[in-house]
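In UniProt numbering, the protein residues as written are 1 to 182. What follows is a short report on a single structure.
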């Protein structure tokens with residue numbers, strides 16, 4: 001069973017990579033099979049169609065989102081601190097799944113729905129911690145901006161993000177000034 005999961009994961013990794021590097025139209029079953037090092041028949045054994053491959057990517061993203069949200073909830077500094085500290089491109093599986101879904105979202109409403117679920121769930125955690133929906137949305141927008149900035153600053157030939165021009169600690173200090181004290 002582990003080998004089956006490994007092949008399945010390799011296929012999903014290949015699909016993500018094609019979406020990220022070449023776009024949605026280039027991510028054909030044939031190209032995905034070649035990228036994963038399997039036959040087209042092998043790909044179809046694990047994912048019976050391109051639609052099934054898309055659903056596999058969405059399932060992966062949902063699972064990664066659930067893990068990320070649980071880690072934010074369990075973070076010692078709270079959800080706000082965790083979100084701001086992790087709002088950088090980190091070249092991990094979650095980032096890859098998110099970027100791939102953004103490529104698919106141009107053509108597939110299910111990808112948009114997956115991204116919106118994560119956003120909604122993150123804002124719900126922020127709102128639960130902050131008690132203010134506008135402040136929760138503001139923190140989310142700050143996080144989005146930090147992530148976007150870090151993606152722009154990541155050199156193509158490097159997996160390591162270049163730090164944002166303003167350190168996370170400084171941004172957290174500003175965010176904490178926005179939060180009313182009890």
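Every residue gets a Cβ at the ideal spot worked out from N, C-alpha and C, and that includes glycine. The model shown is predicted, which means the values in this text are computed figures rather than measured ones.
- Distance from the CA atom of residue 125 to the CA atom of residue 97, rounded to whole angstroms, is 21 angstroms.
- Closest by C-alpha distance to residue 49, out of 36, 29, 35, 58, is 29.
- According to the DSSP assignment, residue 169 belongs to the alpha helix (DSSP H) that extends over 168-178.
- Look at residue 75 here: in three-state DSSP terms it is coil, with no helix or strand label.
- DSSP places residue 106 outside any alpha helix (DSSP H), giving it a letter other than H or E.
- A straight line joining the alpha-carbon of residue 117 with that of residue 45 spans about 29 angstroms.
- C-alpha of residue 172 to C-alpha of residue 31: approximately 43 angstroms in a straight line.
- In the displayed model, residue 15 falls within a helix according to three-state DSSP.
- Ranked by Cα distance from residue 34, the first of 23, 11, 25 is 11.
- The straight-line gap separating the alpha-carbon atoms of residue 100 and residue 60 is approximately 11 angstroms.
- The C-beta distance from residue 103 to residue 23 rounds to 6 angstroms, short enough to fall under 8 angstroms.
- Taking the CA atoms as reference points, residue 80 sits about 22 angstroms from residue 114.
- The alpha-carbon separation between residue 53 and residue 47 amounts to approximately 5 angstroms.
- Rounded to the nearest whole angstrom, the C-alpha separation of residue 73 and residue 177 is 21 angstroms.
- Just so you know, the alpha carbons of residue 142 and residue 152 end up roughly 15 angstroms apart.
- Per the coordinates, the alpha-carbon of residue 108 lies some 34 angstroms from the alpha-carbon of residue 131.
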